[in-house]
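Each residue of the sequence shown is one higher than the one before, starting from 263 at the first, in this note's numbering. As structure tokens, the structure follows; a few thoughts come after it.
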Amino acid sequence: MGKILHVPFVDLGAQYAAITPEIDQATKKILCNTDFILGQDVGLFEEEFATYCEARYAVGVDSGTSALELLLRAYEIGPGDEVITAANTFIATAFAISYAGATPVLVDIDSDTYNIDVSQLEDAITPRTRAIMPVHLYGQPADMDPIMEIASRHDLVVIEDACQAHGARYKGRRAGSIGHAAAFSFYPAKNLGAYGDGGLAVTNDEQIAKTLRMLRDYGQNKKYHHIVRGYNHRLDTLQAAVLRVKLPYLDTWNAARRQHAGLYNELFAGSPIVTPIKASYAEPVHHLYVIRINNRDKLQAYLKTKGIATGIHYPVPIHLQPAYQDLDYQPGDFPVSECYAKQILSLPMYSELTSRSIEHVTQAITDFVATYDDILEINSTT
Ligand SMILES: *Cc1c(COP(=O)(O)O)cnc(C)c1O
Numbered sequence: 263m264g265k266i267l268h269v270p271f272v273d274l275g276a277q278y279a280a281i282t283p284e285i286d287q288a289t290k291k292i293l294c295n296t297d298f299i300l301g302q303d304v305g306l307f308e309e310e311f312a313t314y315c316e317a318r319y320a321v322g323v324d325s326g327t328s329a330l331e332l333l334l335r336a337y338e339i340g341p342g343d344e345v346i347t348a349a350n351t352f353i354a355t356a357f358a359i360s361y362a363g364a365t366p367v368l369v370d371i372d373s374d375t376y377n378i379d380v381s382q383l384e385d386a387i388t389p390r391t392r393a394i395m396p397v398h399l400y401g402q403p404a405d406m407d408p409i410m411e412i413a414s415r416h417d418l419v420v421i422e423d424a425c426q427a428h429g430a431r432y433k434g435r436r437a438g439s440i441g442h443a444a445a446f447s448f449y450p451a452k453n454l455g456a457y458g459d460g461g462l463a464v465t466n467d468e469q470i471a472k473t474l475r476m477l478r479d480y481g482q483n484k485k486y487h488h489i490v491r492g493y494n495h496r497l498d499t500l501q502a503a504v505l506r507v508k509l510p511y512l513d514t515w516n517a518a519r520r521q522h523a524g525l526y527n528e529l530f531a532g533s534p535i536v537t538p539i540k541a542s543y544a545e546p547v548h549h550l551y552v553i554r555i556n557n558r559d560k561l562q563a564y565l566k567t568k569g570i571a572t573g574i575h576y577p578v579p580i581h582l583q584p585a586y587q588d589l590d591y592q593p594g595d596f597p598v599s600e601c602y603a604k605q606i607l608s609l610p611m612y613s614e615l616t617s618r619s620i621e622h623v624t625q626a627i628t629d630f631v632a633t634y635d636d637i638l639e640i641n642s643t644t
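Have a look at this one:
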């Protein structure tokens, strides 16, 4: 018996080990100059990220959730308004809509891309609809062209939830640069992560950017002059300094993720595992590598015994969360989201992942599959 090879779900320590001197120098600088709040690095990071994202303006905030909420507020979307988003997303997408006072309206996901099903989008539009919030789930962009076309026909704002898609491209354009505005999260485990919470909004609209800058900082346009009732939702200078060190590595890190996804796909070929489908329009960044399989819970428990950590993104669709009971959705309303919630499993994925670890994971899954005949059902039912 050999020693168990442990494969964590993400490994933030491995990334820090690769860039330690730069991080230490950048953070020490802030500790010494005490430029903690809206310091120089915040503005510099905003410029650098806007350039990276091929958008005109970027405004740093304290989380991805705040970026989504403040964007809705900047567009004056609130009580009485409806915002359309996908049924399978992280709860923060829906919560941001609720925080702004608006109502989330859900649409099922596409069975190939797991992103909002564009063919069902128009049916969800009512006279109260003000915005569409597509989510680029797992790092693959939603199908933005038809979304923008429908939005323009109905005079709706499009706010991309790009919290899992830093650096992804849609038909050559950066995720986050296609809608009217977009939100990014720098939660530590995201493709670009801070050492704590952080987020950012991008837009090409100068007025929206100006409003965001007020909203994140107590609604003031100069100190103690409060134009609107804003918030304390600023991005810390320390986090901006960390993010400035990391941003130049992002494309390399994303390329490594793409390679890992390719190896997973290759090793699963011919097996009953359903691997991610790359949309023809997309250059994804594989924030998560999500497979589908029957007996998902048993597989997850089995992998745990083999030292392999996995996740489920997400086990309960938004409309079945107790927090959204009052939206009055029923089980069966979004069949694809509900079916997939029982089958999806996120495998270890981070840029420092090794081929040896990927082979260990796929071998363990292959061994498991060999013991269950009914796993084969998944291909015939979908
Ligand atoms: C992470 C995430 C968010 C929220 O970001 P925070 O920085 O954690 O607030 C929103 N939407 C999606 C899709 C996310 O993955």
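Every residue gets a Cβ at the ideal spot worked out from N, C-alpha and C, and that includes glycine.
Residues bridged to residue i (per DSSP)
i	result
K484	H487
A544	Y432
P366	V345
G438	G438 pairs with nothing; no bridge assigned.
I726	Coverage of the chain is limited to positions 263 through 644, which leaves residue 726 absent and any answer about it impossible.
G573	S608
R496	V323
G461	V323 and S447
V304	Note: V304 sits in no beta bridge, so no partner.
N299	In the sequence on display, residue 299 carries Ile and not Asn. Answer by DSSP bridge pairing, in chain order: D498.
V536	R554
V504	V504 pairs with nothing; no bridge assigned.
V269	I570
I378	I371
Bounding residues of the beta strand (DSSP E) (the contiguous stretch that carries residue i)
i	result
L474	First-last for L474: E468 to L477, but that is the alpha helix (DSSP H), not the beta strand (DSSP E).
I421	V419 to D423
S447	A443 to S447
V395	A quick correction: the sequence has Met, not Val, at residue 395. Its beta strand (DSSP E) spans residues T391 to M395.
Span of the alpha helix (DSSP H), counted from its first residue to its last, around residue i
i	result
T628	S617 to V631
R519	L512 to F530
N226	The shown model of the chain, from 263 to 644, leaves out residue 226, and the question about it has no answer.
I409	M406 to H416
S360	I353 to Y361
Ligand 2 heavy atom lying under 7 Å from the CB of residue i
i	result
Y591	Among the ligands modelled here, namely ligand 1, ligand 2 does not occur.
Whole-angstrom distance between residue j and residue i, CA atom to CA atom
i	j	result
Q482	G492	8 Å
H268	K568	8 Å
S642	L368	Any answer about S642 is weak, because its pLDDT of 42 lies below 50 and its placement is not dependable; what the coordinates show is given next. Looking at the two C-alpha atoms, the distance is approximately 27 Å.
S613	V547	10 Å
M395	S381	15 Å
G460	I266	35 Å
R496	S325	9 Å
D379	A348	8 Å
R415	Q287	50 Å
I371	A632	30 Å
D513	I570	27 Å
V420	G342	18 Å
F630	L293	50 Å
L274	L505	14 Å
S533	I555	11 Å
L418	I412	8 Å
T628	K604	20 Å
S542	A354	28 Å
T644	P538	No answer about T644 holds up, because its pLDDT of 42 lies below 50 and its placement is not dependable.
L454	G363	29 Å
N516	A279	18 Å
L332	V490	12 Å
T327	E422	12 Å
L615	P366	37 Å
G438	R618	34 Å
L582	I574	16 Å
Q587	N377	23 Å
E309	Y511	16 Å
Taking contact to mean 3 or more Cβ pairs, one atom from each stretch, closer than 8 Å, check whether the segment 321-336 and the segment 467-480 are in contact.
yes
Tell me which residues pass a beta-carbon proximity test against ligand 1: closer than 6 Å to any heavy atom, given in chain order.
S325, G326, T327, T351, F352, A354, T355, V397, D423, C425, Q426, S447, Y449, D459 and G461
Taking one C-beta from the segment 429-446 and one from the segment 283-301 each time, how about it: are there three or more such pairs within less than 8 Å?
no
When you compare the segment 315-324 with the segment 546-562, are there three or more beta-carbon pairs, one atom per stretch, that lie closer than 8 Å?
no
Can at least three beta-carbon pairs, one atom from the segment 529-540 and one from the segment 606-626, be found at a separation below 8 Å?
yes
Is the segment 590-599 touching the segment 555-565 in the sense that three or more CB pairs, one from each, lie closer than 8 Å?
no
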